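The sequence shown maps to residues 98 to 757 in the working numbering. Backbone N, C-alpha and C define an ideal beta-carbon position, used for all residues, glycine too. These numbers come from a predicted model, not from an experiment.
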Amino acid sequence: MELIRQTMFSSGEVDAVNYHRTDFKDYLTAAQSLLNIEVGTTGLAKKRKGTQFLIQTQKSDPNSKLYGFQDKNEQFYCLISGDHRMDIYAIKQGNTPEIQFLQTLTTPYASSELNDLDYTNDNDSLILAHPDYPPSRITITNYKTLSFAYEILNLYPLPAYDFGDVIYNRGNASVIGDAHYISLTLTDSPGFNNDWVGGQIIGGGTSDVSPLGYAIITEVSYQGNTAILSGKVQIPFLINGASTSATQYSVRKPTFSPTMGYPSKVIYFQNRLWFARTKTLNNTIFGSKINQPVNFDVGTGQDTDAIIYTLGQSDSGGIVWMNGGKELEIYTANYEFVAPQEQNIGLTPSTFSIRQQSAFGVSDKLKPISYLNDSYYVNKTGNAIINFRFQGIGQSYLASNVSQTASHLVKNPIKAVLLRGTEQSQDNFIYFLNPDHTITTFQFGHEINLAALTPFSAHKQIEIQDMIAIDNTIYLLKKYSNSQQVVLEKLVSDIKLDGFEEKRLEEHGSIKNLERFEGLDVQVLFNQEDYGIYPVKKGSIQVHNPDKKTGNCFIGLLYPVEIRPMYFYGGPQHADLMKKITKIYIEYYGSLNFYINDQLVNYQIFLNIQKGDELHPSSGTAIISPVFGWSRHKTFSITQQAPFDLQITSIAYQINTTMI
């Protein structure tokens with residue numbers, strides 16, 4: 098007799114192609130189905146969190162996105178974008194957290210443009226970047242009244258670049274001026290226009306200590322083919338005895354403008370504001386001066402000066418994302434790069450470089466996300482989750498596919514949010530939002546070989562549009578197709594219902610104001626007891642309440658749960674026809690009202706029912722015999738359709754391996 102035991106589900110749900118792979122080293126840590134199940138750090142399979150209704154949003158938009166930030170008073174905010182608008186909500190903390198609508202701001206972004214809007218946080222501002230609009234921010238202008246404003250960032254000086262679109266070094270040059278203003282005259286230089294205003298003039302400096310002069314262009318004028326460029330001096334030029342050869346000067350055009358395009362990517366990293374990818378410079382990044390996020394003065398390359406850098410690989414496909422992991426990470430369509438730095442040394446103009454680390458390529462749908470030494474992104478084809486891990490040795494990264502056995506759950510996701518461990522739970526999760534409005538849950542722990550993907554499904558009438566993590570709470574933007582309501586909800590651990598809200602149960606059993614659930618069947622949970630499922634008609638339900646109990650109850654939607662383990666036979670040493678399953682032992686903890694192969698696992702004895710005792714989650718071992726005789730069933734299922742918890746800690750199989 099042999100006893101095979103599965104004590105954890107740390108490999109998560111796997112593809113059907115792996116069901117027979119008994120040689121797979123993690124075979125007995127995986128499952129065929131873990132629907133609406135999360136895998137804990139200890140490896141147990143537990144029912145996923147429910148969602149709590151918070152507020153109905155101001156307006157509906159199919160492309161709405163969620164953003165969040167924290168102000169200097171540690172107040173958190175949730176922002177919801179829409180067609181040329183941004184709705185701002187304050188998140189009130191306390192015993193009864195609530196969302197309070199504050200203000201609607203007008204923005205230039207149409208609904209169809211919201212998917213291309215990148216963002217980052219800088220203190221009490223949300224910095225926005227879009228390829229068709231100047232970089233901007235949403236910030237608090239008055240703390241007393243909690244007033245917000247949408248503002249174009251006043252970048253000065255702008256980053257500048259010599260695009261080579263005007264040949265100005267064929268003629269002569271002359272420079273006049275003083276320590277404050279100069280004029281550079283270039284002969285035989287047609288083509289300059291007002292697009293150069295805000296750009297840079299670089300020429301000879303006043304001494305060996307200051308070898309370069311530098312000015313910001315304020316005006317461009319012409320006399321025939323002679324261009325006259327006036328500028329405000331940042332670093333003094335050599336005036337008397339200055340070179341008369343145009344080759345000794347560099348004239349650079351602003352990189353951000355309606356003509357040259359605007360940056361489409363943004364991140365705040367190491368006290369610098371970084372932009373990347375304009376339509377004319379898709380391989381270039383721009384870093385501000387340290388602690389001066391609107392100042393892109395490259396100066397003379399001092400440690401605090403701005404940084405402009407172009408990737409050397411022309412086949413990169415262009416920068417797709419930037420991410421602040423252990424180092425500054427640059428993701429392109431074909432390669433992954435990092436800007437390496439030694440410990441306790443920041444990125445500076447003199448030491449800045451970018452090195453290629455891997456060649457998966459990155460999806461343009463999902464922004465990478467980081468936790469400690471690990472970053473996670475989706476490959477360019479959208480069917481693999483890549484762990485991008487900082488190695489330390491040589492400041493290098495190692496990229497590896499963590500979803501090889503569960504590619505069916507990687508559906509080219511469009512959003513990823515991180516939920517960190519808390520005082521109540523040591524589990525860390527990344528939730529991936531898929532285009533089909535489902536979520537793929539990823540439980541990870543590199544040190545304990547935990548990488549579990551599981552499916553998170555919602556009611557077919559509900560679309561999950563977006564989600565965001567604010568103050569380590571996951572908020573979801575949902576559309577109820579049945580009632581056309583768009584609402585904000587949050588993940589919670591204690592109530593296992595979706596979209597639930599608290600209502601008052603009266604003696605007559607009538608509960609109203611349920612228009613959000615119109616046409617759906619809702620579950621009523623009262624005093625931790627199942628009070629039944631009822632259809633919502635005209636915004637109300639009639640609860641069966643023969644004992645005329647009163648008090649607050651929870652009303653929401655049930656979601657199905659299924660655990661289907663791998664095949665019983667964990668090793669190839671015996672053929673199936675030589676195996677006889679005599680018993681299956683299922684260890685459960687803190688669980689109620691679940692089924693094994695459609696048989697209810699008892700959770701209440703007759704004496705307790707007679708006494709009218711309240712239900713309490715129970716723990717124990719369920720023992721079943723799958724069939725009599727020689728088994729041909731490959732597996733079994735654990736299911737639940739109830740508003741209670743379910744936690745499975747281990748499964749054991751008692752197998753006879755004698756010959757027939």
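- Looking at the DSSP output, T203 sits in a beta bridge with R182.
- In this structure, G165 and F173 form a Cβ contact; the two beta carbons are roughly 7 Å apart against a cut-off of 8 Å.
- For M419, the uninterrupted beta strand (DSSP E) run begins and ends at 416-421, by DSSP.
- Check the Cα spacing between S688 and each of L223, S411, A555, A142: the tightest is with A142.
- Contact check for S347 against D259 passes: the beta carbons are separated by less than 7 Å.
- Annotated as proximal: Y265 and S286, with beta-carbon spacing under 7 Å.
- Ranked by Cα distance from T718, the first of K680, A739, Q738, P740 is K680.
- Under the three-state reduction of DSSP, L602 is assigned to strand.
- For the set V589, T284, Q492, the Cα lying nearest the Cα of S318 is the one of T284.
- DSSP, reduced to helix, strand and coil, places V294 outside both helices and strands of the structure shown, so it counts as coil.
- Note on P657: under 16 other CB atoms within 10 angstroms of its CB, so exposed under the neighbour-count rule.
- Within its own chain, the residues whose Cβ lies closer than 7 Å to the Cβ of R374, once the five positions on either side in sequence are excluded, are P360, S361, K362, G415, I416, listed in chain order.
- Contact check for L408 against N380 passes: the beta carbons are separated by less than 7 Å.
- Collapsing the DSSP output to three states places L176 in a strand.
- A direct Cα-Cα distance of roughly 42 Å separates P159 from Y664.
- The DSSP-derived three-state label of F614 is helix.
- Taking a 10 Å sphere around the C-beta of E433, we find 16 or more other C-beta atoms and assign the residue as buried.
- 7 Å or more divides the Cβ of T217 from the Cβ of Y406.
- Contact holds between the region 628-645 and the region 598-617, because three or more Cβ pairs, one in each stretch, are under 8 Å apart.
- In this structure, DSSP gives S208 a helical state, which the three-state scheme calls helix.
- Using a Cβ distance threshold of 7 Å, F651 and L617 do not count as a contacting pair.
- Beta-bridge partners assigned by DSSP to D627: L622.
- Under DSSP, N239 forms a beta bridge with S244.
- In the structure shown, the three-state DSSP call for S233 is strand.
- Under DSSP, F485 forms a beta bridge with S472, A496.
- In the assembly as shown, H227 is a buried residue. Its beta-carbon has 16 or more other beta-carbons within 10 Å.
- In the structure shown, I387 falls within a coil segment according to DSSP collapsed to helix, strand and coil.
- Burial check for I545: the Cβ neighbour count within 10 Å stays below 16, so the residue is exposed.
- Bounds of the beta strand (DSSP E) holding K576 are 570-577.
- According to the DSSP secondary-structure assignment, G648 is paired through a beta bridge with L602.
- By the beta-carbon neighbour count (other beta carbons within 10 angstroms, threshold 16), T238 is exposed.
- For S222, the closest alpha carbon among the candidates K423, P390, I660 is that of P390.
- The Cβ atoms of T148 and L588 lie closer than 7 Å to each other.
- DSSP places T502 in the helix class (H, G or I) of the three-state scheme.
- Inter-residue distance for Y253 and R349 is about 15 Å (C-alpha atoms, whole angstroms).
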